[in-house]
Amino acid sequence: MDNWINDYQAVRDVAQALDASLLKPRYRARVEAGAHRMTGHCYVASEAVYHLLGGLDSGLTPRTVRIDDDVHWFLTRDGWRNDDNKIIDVTRAQFSTVPNYWDGTGRGFLTRQPSKRAQVVIDRVLQRRAARAHQLAESKRCRTCGEIPNNHRPR
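Going letter by letter, the sequence shown gives residues 46 to 200 in the working numbering.
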């Protein structure tokens, strides 16, 4: 499967797993005051995508860029300066204009393994994926005999 398909699925799944319970208090206050729901999730979202796509073996580089008084986290693949499709920013929707990613600096995450908050997101993603796979398998069950068909003919 192409990287962009895996990237898209991971970004979609992580974005769906984010909620206010994962936010640090200062960001939670901003969201409760009306800021975009993605505000404050950039670090944990980037870290979760990074680990879901393979960590060190993923070919991804965590980066930060300063936006106003905050540091914004995102991921890139090799060749990102010449191809916007190689920039992965789960929380991009929080901004009214595109961040200046080209000012970004390569960084490492604070921990080698997923942080506690990133692990919560990863667990949610994996649970939802397992539930979707189970639903798909159940939807293919034969209505006559109840078996999951594999070149199956109903009795």
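Glycine residues also receive a C-beta, built at the ideal position from the N, C-alpha and C atoms.
With 16 other Cβ atoms within 10 Å as the buried cut-off, status of residue i
i	result
M46	Only weak support exists for where M46 lies, its pLDDT of 40 falling under 50; the coordinates are left without a value.
Y88	buried
T142	exposed
A163	buried
D58	buried
S66	exposed
A138	exposed
L171	exposed
N155	In the sequence on display, residue 155 carries Leu and not Asn. Exposed.
P159	buried
D123	exposed
D52	buried
Proximity to residue i [Cα-Cα], best of the options
i	options	result
L68	S184, W125, T84 and P159	T84
I167	V116, P70, S66 and H96	H96
V116	Y72, Q61, D102 and G104	Y72
R173	Q61, S91, V56 and V94	Q61
S91	S184, R169, Y146 and R108	R108
W125	D114, G104 and F140	G104
G100	G153, D114 and K161	G153
6 Å CB neighbourhood of residue i in its chain, flanking five on each side removed
i	result
D148	V110
H86	L63 and T136
T106	T121 and G151
Contact set for residue i: own chain, Cβ-Cβ below 7 Å, skip 5 residues either direction
i	result
L82	Correcting the residue identity first, residue 82 is Arg in this sequence and not Leu. The residues are V76.
R157	none
V94	A55, V56, V59, L120, I133 and V135
I112	P144
Discussion item. Please give me, in chain order, every unbroken run of the beta strand (DSSP E) with length at least 3 that falls completely inside the stretch 83-123.
Written reply: Listed in chain order, the beta strand (DSSP E) elements of length 3 or more contained wholly in the stretch 83-123 are 105-112 and 115-122.
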